[in-house]
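If you count the sequence shown from 1, position 111 lands on 298 in our numbering, and the numbers rise without skipping.
Backbone N, C-alpha and C define an ideal beta-carbon position, used for all residues, glycine too.
Only a predicted model underlies this, so the values are computations on that prediction, with no experimental measurement involved.
Notes follow the structure.
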Amino acid sequence: GLLNLGSYLPYLYTVLFLLSAGISKKLTSLSIIVVFLALAEFVMYPINGPLLAYFNELGLTYTYRLCAWVVFWVVVARLQIHLLQKLHEWLNVSKGKALERVQYSISGIIALFLIDLINQLIFKTELLDWLYRFGVPFINFSIAGYLLFAVLKHVEFKKWKLQS
(Lines of atoms letter the chains of each structure in order from A and count residues from 1; the text may use other names and numbers.)
(Lines give C-alpha, C1' and ligand atoms only; values in the text may rest on other atoms or scores of the structure.)
Protein backbone atom coordinates (compact mmCIF):
# COMPACT_ATOMS: atom_id res chain seq x y z
CA GLY A 1 0.00 0.00 0.00
CA LEU A 2 0.87 3.65 0.36
CA LEU A 3 2.90 3.01 3.50
CA ASN A 4 5.25 0.69 1.58
CA LEU A 5 6.06 3.52 -0.82
CA GLY A 6 8.50 4.75 1.82
CA SER A 7 10.81 1.91 0.85
CA TYR A 8 11.36 3.68 -2.49
CA LEU A 9 12.51 6.97 -0.94
CA PRO A 10 16.18 5.94 -0.62
CA TYR A 11 16.24 5.08 -4.32
CA LEU A 12 14.49 8.31 -5.28
CA TYR A 13 17.11 10.23 -3.30
CA THR A 14 19.87 8.25 -5.00
CA VAL A 15 18.54 9.33 -8.39
CA LEU A 16 18.30 12.89 -7.07
CA PHE A 17 21.87 12.69 -5.82
CA LEU A 18 23.16 11.41 -9.17
CA LEU A 19 21.23 14.09 -11.06
CA SER A 20 22.49 16.77 -8.70
CA ALA A 21 26.09 15.55 -8.98
CA GLY A 22 25.87 15.41 -12.76
CA ILE A 23 24.32 18.84 -13.11
CA SER A 24 26.02 20.89 -10.44
CA LYS A 25 29.79 20.87 -10.53
CA LYS A 26 30.02 22.90 -7.33
CA LEU A 27 28.66 22.57 -3.85
CA THR A 28 25.27 24.27 -3.54
CA SER A 29 22.55 24.40 -0.92
CA LEU A 30 20.49 22.06 -3.07
CA SER A 31 23.30 19.51 -3.44
CA ILE A 32 23.94 19.56 0.33
CA ILE A 33 20.24 18.93 1.05
CA VAL A 34 20.00 16.13 -1.54
CA VAL A 35 23.12 14.33 -0.31
CA PHE A 36 22.14 14.69 3.34
CA LEU A 37 18.58 13.45 2.80
CA ALA A 38 19.77 10.58 0.59
CA LEU A 39 22.13 9.42 3.33
CA ALA A 40 19.44 9.94 5.99
CA GLU A 41 16.94 7.81 4.05
CA PHE A 42 19.45 4.99 3.62
CA VAL A 43 20.08 5.02 7.37
CA MET A 44 16.53 5.58 8.64
CA TYR A 45 14.44 3.25 6.49
CA PRO A 46 16.34 0.03 7.38
CA ILE A 47 16.29 0.75 11.13
CA ASN A 48 12.51 1.22 11.20
CA GLY A 49 11.60 -2.48 11.52
CA PRO A 50 14.37 -3.49 13.97
CA LEU A 51 13.65 -0.43 16.12
CA LEU A 52 9.96 -1.29 16.28
CA ALA A 53 10.85 -4.89 17.20
CA TYR A 54 13.24 -3.63 19.88
CA PHE A 55 10.59 -1.41 21.47
CA ASN A 56 8.13 -4.33 21.40
CA GLU A 57 10.65 -6.66 23.08
CA LEU A 58 11.29 -4.28 25.97
CA GLY A 59 8.16 -5.49 27.71
CA LEU A 60 6.84 -1.97 28.12
CA THR A 61 3.18 -1.09 27.97
CA TYR A 62 1.82 0.17 24.66
CA THR A 63 1.79 3.73 25.97
CA TYR A 64 5.49 3.71 26.85
CA ARG A 65 6.44 1.98 23.58
CA LEU A 66 4.46 4.53 21.60
CA CYS A 67 6.01 7.44 23.50
CA ALA A 68 9.53 6.03 23.03
CA TRP A 69 8.87 5.52 19.31
CA VAL A 70 7.57 9.06 18.82
CA VAL A 71 10.30 10.66 20.94
CA PHE A 72 12.97 8.78 18.97
CA TRP A 73 11.65 9.90 15.56
CA VAL A 74 10.95 13.46 16.72
CA VAL A 75 14.55 13.72 17.95
CA VAL A 76 15.82 12.29 14.63
CA ALA A 77 13.71 14.76 12.63
CA ARG A 78 14.80 17.67 14.82
CA LEU A 79 18.41 16.55 14.39
CA GLN A 80 17.92 16.55 10.61
CA ILE A 81 16.71 20.17 10.72
CA HIS A 82 19.65 21.17 12.91
CA LEU A 83 22.28 19.30 10.85
CA LEU A 84 20.99 20.73 7.56
CA GLN A 85 21.41 24.20 9.07
CA LYS A 86 24.87 23.42 10.43
CA LEU A 87 26.10 21.79 7.20
CA HIS A 88 25.39 25.03 5.35
CA GLU A 89 27.34 26.99 7.98
CA TRP A 90 30.26 24.53 8.16
CA LEU A 91 30.57 24.35 4.37
CA ASN A 92 30.08 28.10 4.02
CA VAL A 93 27.19 27.71 1.57
CA SER A 94 24.39 30.27 1.57
CA LYS A 95 20.99 29.02 2.68
CA GLY A 96 18.14 29.32 0.27
CA LYS A 97 14.45 28.64 -0.18
CA ALA A 98 15.06 24.92 -0.61
CA LEU A 99 16.57 24.63 2.88
CA GLU A 100 13.72 26.58 4.42
CA ARG A 101 11.05 24.51 2.63
CA VAL A 102 12.68 21.21 3.57
CA GLN A 103 13.03 22.28 7.21
CA TYR A 104 9.37 23.38 7.35
CA SER A 105 8.34 20.08 5.80
CA ILE A 106 10.32 18.09 8.37
CA SER A 107 8.67 20.25 11.06
CA GLY A 108 5.34 19.20 9.56
CA ILE A 109 6.33 15.56 10.00
CA ILE A 110 7.20 16.28 13.65
CA ALA A 111 3.77 17.87 14.10
CA LEU A 112 2.11 14.78 12.60
CA PHE A 113 4.05 12.51 14.96
CA LEU A 114 2.91 14.55 17.96
CA ILE A 115 -0.70 14.75 16.72
CA ASP A 116 -0.70 10.97 16.26
CA LEU A 117 0.74 10.44 19.74
CA ILE A 118 -2.01 12.55 21.32
CA ASN A 119 -4.59 10.81 19.15
CA GLN A 120 -3.38 7.30 20.08
CA LEU A 121 -3.28 8.15 23.80
CA ILE A 122 -6.42 10.24 24.14
CA PHE A 123 -8.81 10.64 21.21
CA LYS A 124 -8.30 7.43 19.20
CA THR A 125 -10.05 8.87 16.14
CA GLU A 126 -9.75 7.29 12.74
CA LEU A 127 -9.48 10.66 10.99
CA LEU A 128 -6.34 11.70 12.90
CA ASP A 129 -4.87 8.22 12.43
CA TRP A 130 -5.51 8.53 8.69
CA LEU A 131 -3.94 12.01 8.68
CA TYR A 132 -0.75 10.58 10.21
CA ARG A 133 -0.60 7.43 8.05
CA PHE A 134 -0.96 9.35 4.79
CA GLY A 135 0.49 12.68 5.87
CA VAL A 136 4.01 11.47 6.66
CA PRO A 137 4.55 9.64 3.31
CA PHE A 138 2.89 12.56 1.49
CA ILE A 139 5.28 15.08 3.06
CA ASN A 140 8.29 12.82 2.44
CA PHE A 141 7.42 12.43 -1.24
CA SER A 142 6.59 16.14 -1.49
CA ILE A 143 10.10 16.96 -0.26
CA ALA A 144 11.62 14.55 -2.79
CA GLY A 145 9.38 15.88 -5.58
CA TYR A 146 10.23 19.47 -4.76
CA LEU A 147 13.96 18.68 -4.74
CA LEU A 148 13.66 16.76 -8.02
CA PHE A 149 11.94 19.77 -9.60
CA ALA A 150 14.58 22.13 -8.16
CA VAL A 151 17.43 19.94 -9.47
CA LEU A 152 15.85 19.55 -12.91
CA LYS A 153 15.38 23.33 -13.14
CA HIS A 154 19.16 23.59 -13.30
CA VAL A 155 19.49 21.19 -16.25
CA GLU A 156 20.57 22.92 -19.41
CA PHE A 157 19.07 21.23 -22.40
CA LYS A 158 21.27 21.69 -25.44
CA LYS A 159 19.37 22.46 -28.61
CA TRP A 160 19.47 19.67 -31.11
CA LYS A 161 21.42 20.51 -34.22
CA LEU A 162 20.25 18.83 -37.35
CA GLN A 163 23.08 17.42 -39.38
CA SER A 164 22.72 18.12 -43.10
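- Leaving aside the five residues that flank V323 on each side, the residues in its chain whose CB is nearer than 7 angstroms to its CB run, in chain order, I296, L299.
- Exposed is the label assigned to F310, since fewer than 16 other Cβ atoms lie within 10 Å of its Cβ.
- Residue environment for Q267: buried (at least 16 other C-beta atoms within 10 angstroms of its C-beta).
- Residue state for H341 is assigned as coil, using DSSP reduced to three classes.
- Using a Cβ-Cβ distance cut-off of 8 angstroms, the segment 251–266 and the segment 216–226 are not in contact, since fewer than three pairs of beta carbons, one from each stretch, lie closer than that value.
- Collapsing the DSSP output to three states places S211 in coil.
- The beta carbons of L270 and S216 sit no closer together than 9 angstroms.
- The straight-line gap separating the alpha-carbon atoms of I330 and L239 is approximately 25 angstroms.
- A distance of 9 angstroms or more separates the beta carbons of L203 and Y232.
- Straight through space, the alpha carbons of N306 and L206 are spaced by roughly 40 angstroms.
- Of the candidates E313, K340, A337, I302, the residue whose Cα lies closest to the Cα of C254 is I302.
- Residue environment: E228 is assigned as buried (16 or more neighbouring CB atoms within 10 Å of its CB, all protein chains considered).
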